[in-house]
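Single-structure report; data block below.
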Amino acid sequence: MGLLVNGKWVDQWYDTNKSDGTFVRQDSRFRNQISSKDDSKFIPEAGRYHLYVSLACPWAHRTLIFRQLKQLEDIISVSVVEAKMMENGWDFGENGDPLYQLDYAYELYLKADPSYEGRVTVPILWDKKTQTIVNNESIEIIRLFNSAFNELTGNTDDYFPVELREEIEIVNSRIYDTINNGVYKAGFATTQEAYNLAYYELFDSLDWLEERLSKQRYLVGEQITEADWRLFTTLIRFDAVYHGHFKCNRQKLSEFHHISNYVNELYQVKGVAETVDLEYTKVHYYASHLTINPTQIVPLGAKQNFTAPHNRERIY
Ligand SMILES: N[C@@H](CCC(=O)N[C@@H](CS)C(=O)NCC(=O)O)C(=O)O
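So for the sequence shown, the working numbering puts the first residue at 100; every next one is plus one.
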């Protein structure tokens, strides 16, 4: 784990903790859009873009789910980095990355911009034509997948409908701060106070969610929206990783009746189960974060069953 400084990779643990021990996430740098407007540098084209992901990463996982839901499998190619992220950061494995045979993701960032400084993160949406990063912010990549390629795929399913946007944003904002990023704030805290705060905020939000999902089937409106998928990728990892490794242990997710039924339902949406790999995910977290788990032992734990029958249709 490290970052790019002055064109060079520096192996260093998170430098992004404030002096009070609070984990702070760096903003993503590549923020281009794909659109068919005349002045657009990046236009929707089949075979032009490539997505680099880790199956462990909840942010990258969103983009993989949207690639499935929006039937982009033949339009956008994808490759998966090695599970472990050690001193050189994300690793492309023995054969290198499929486009340029590079060894590490930081080399791809340098290829996109030799002056890039900072963390090297996944997901990465890459343009094969201009050989650069289009976007490395999952929130923007899923919105782009939601609509930019509709004319090519004919799939017009909309997970960010105009009439629900305001409420989606309100829900997203609490979920991002206290759940998606909240588990990291608990796990990467370096003071007891910072951990306690993240823990209490996280479980307050899970209690709020449990209550909300006892009355409605999805987070916003009557349909699945991006808010559900943004939450799902954190929830599906909860018992396997965040409960133990990140010390988010007031209770397990499976002990929340409504939330766990909701997770099972989303897991069973067509195309989603094949984007989930909890064994790989456990190896990534437990074996890569040496400051939290220096022995790198990956706990065994019971196999989880997300396909258990649920009766949500009948509840509402
Ligand atoms: N804001 C980014 C965050 C992406 C992110 O932090 N990814 C993690 C993996 S879960 C990563 O690549 N971390 C490597 C590092 O920070 O060095 C997004 O949502 O796309």
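Beta carbons are placed, not taken as given, at the ideal position from N, Cα and C, and that holds for glycine.
Q: Measure the beta-carbon distance from Pro222 to Thr162 and round it to whole angstroms, keeping in mind my assumption that it falls under 8 Å.
A: By 1-based counting over the sequence shown, the position of residue 222 is 123. By 1-based counting over the sequence shown, the position of residue 162 is 63. Yes, Pro222 and Thr162 are in contact; Cβ-Cβ is about 5 Å, under 8 Å.
Q) So, are the CB atoms of Arg218 and Tyr275 less than 9 Å apart? A) Indexing the sequence shown from 1 puts residue 218 at position 119. Indexing the sequence shown from 1 puts residue 275 at position 176. Not closer than 9 Å, so no.
Q.
Only counting the same chain, and skipping five residues up and downstream in sequence, which positions put a Cβ closer than 7 Å to that of Leu168?
A. Taking the sequence shown and counting its residues from 1, the one referred to as residue 168 is at position 69. Taken in chain order, the residues that qualify are Asp256 and Gly370.
Q. Using CA coordinates, which residue listed in Ser214, Pro143, Asp119 and Pro197 is at the minimum distance from Leu171?
A. The count along the sequence shown starts at 1 and reaches residue 171 at position 72. Nearest to Leu171 by C-alpha distance, out of Ser214, Pro143, Asp119 and Pro197, is Pro143.
Q. Contact check, Arg349 vs Lys227 under 8 Å by CB: the rounded distance?
A. Mapped onto the sequence shown, residue 349 falls at position 250. Mapped onto the sequence shown, residue 227 falls at position 128. Contact flag wrong, Cβ pair sits at about 46 Å.
(Q) Please classify Ile278 as buried or exposed, where buried requires at least 16 neighbouring CB atoms within 10 angstroms. (A) Walking along the sequence shown from the start, residue 278 turns up at place 179. Of the other Cβ atoms in all chains shown, 16 or more fall within 10 Å of the Cβ of Ile278; this residue is therefore buried.
Q) Going by DSSP, which residues form a beta bridge with Ile223? A) Taking the sequence shown and counting its residues from 1, one reaches residue 223 at position 124. BP columns for Ile223 point to Tyr151.
Q: Using the DSSP secondary-structure output, state which residues sit across from Met185 in a beta bridge.
A: For the purposes of this step, residue 185 is taken as the residue at position 86 of the sequence shown. Met185 is bridged by DSSP to Gly188.
Q: Drop a sphere of 10 angstroms on the beta-carbon of Arg130, count the other beta-carbons inside from all chains shown, and report buried for 16 or more, exposed for fewer.
A: Mapped onto the sequence shown, residue 130 falls at position 31. Flag for Arg130 reads exposed.
**Q.** Close-in-space but distant-in-sequence residues of the same chain around Tyr298 (CB under 6 Å, 5 per side omitted)
**A.** The count along the sequence shown starts at 1 and reaches residue 298 at position 199. The beta carbon of Tyr298 sits closer than 6 Å to the beta carbons of Ala285 from its chain, once the five residues preceding and following it are set aside; these are given in chain order.
Q | 4-residue-minimum alpha helix (DSSP H) runs that sit fully inside the segment 191-217, ordered along the chain | A | Within the segment 191-217, the alpha helix (DSSP H) runs of at least 4 residues that lie entirely inside it are, in chain order, 204-211.
Q.
Less than 8 Å separating the Cβ of Ile164 from some heavy atom of ligand 1?
A. For the purposes of this step, residue 164 is taken as the residue at position 65 of the sequence shown. No, the Cβ of Ile164 stays beyond 8 Å of every heavy atom of ligand 1.
Q: Sort Leu103, Glu325, His160 and Val123 by Cα distance to Thr380 and report the nearest one.
A: Counting from one through the sequence shown, the residue named residue 380 turns up at place 281. Nearest in C-alpha terms to Thr380, of all of Leu103, Glu325, His160 and Val123, is His160.
(Q) Considering only their Cβ atoms, is the gap separating Asp173 from Asp190 smaller than 9 Å? (A) Indexing the sequence shown from 1 puts residue 190 at position 91. Indexing the sequence shown from 1 puts residue 173 at position 74. For Asp190 and Asp173, no; Cβs fall outside 9 Å.
**Q.** Classification of His342 by the beta-carbon crowding that lies within 10 angstroms, buried from 16 upward
**A.** Translated into positions along the sequence shown, residue 342 becomes position 243. Taking every protein chain shown into account, the CB of His342 has 16 or more other CB atoms within 10 angstroms, so this residue is buried.
Q | Pro157 versus Trp225, Glu236 and Ile232, residue with shortest Cα-Cα distance | A | Counted from its first residue, the sequence shown places residue 157 at position 58. Closest option to Pro157, Cα to Cα, is Glu236.
**Q.** Backbone CA spacing between Tyr317 and Ala247 [nearest angstrom]
**A.** By 1-based counting over the sequence shown, the position of residue 317 is 218. By 1-based counting over the sequence shown, the position of residue 247 is 148. Whole-angstrom Cα-Cα distance: 25 Å.
(Q) Taking 8 Å as the cut-off, is the C-beta of Asp126 nearer than that to any heavy atom in ligand 1? (A) Within the sequence shown, numbered from 1, the residue matching residue 126 stands at position 27. Flag set: Cβ of Asp126 near ligand 1.
Q: Keeping to the same chain, check which residues put their C-beta closer than 8 Å to that of Ser398; ignore five residues upstream and five downstream.
A: Here residue 398 refers to the residue found at position 299 of the sequence shown. Ser is not the amino acid found at residue 398; the sequence shown has Pro there. Within the same chain, Pro398 has close Cβ partners Gly343, Lys381 and Tyr385.
Q: Reducing DSSP to helix, strand and coil, say where Arg90 ends up.
A: Past the edges of the chain, shown from 100 to 415, lies residue 90, and the structure says nothing about it.
(Q) What I want to know is whether the C-beta of Gly281 ends up closer than 8 Å to one or more non-hydrogen atoms of ligand 1. (A) Taking the first residue of the sequence shown as position 1, residue 281 is located at position 182. No, the beta carbon of Gly281 sits no closer than 8 Å to any heavy atom of ligand 1.
Q | DSSP-derived helix/strand/coil call for Trp158 | A | To locate residue 158, count along the sequence shown from 1; it is residue 59. Judged by DSSP in its simplified three-state form, Trp158 adopts helix.
Q: Could you pull out every residue in the same chain whose Cβ sits closer than 8 Å to the Cβ of Gly195, ignoring the five residues on either side in sequence?
A: Translated into positions along the sequence shown, residue 195 becomes position 96. If we look at Gly195 and ignore the five residues flanking it on each side, its Cβ neighbours are Leu201 and Asp202.
Q) From His388 to Gln395, what does the alpha carbon distance come to, in whole angstroms? A) Here residue 388 is taken as the residue at index 289 of the sequence shown, counted from 1. Here residue 395 is taken as the residue at index 296 of the sequence shown, counted from 1. Whole-angstrom Cα-Cα distance: 8 Å.
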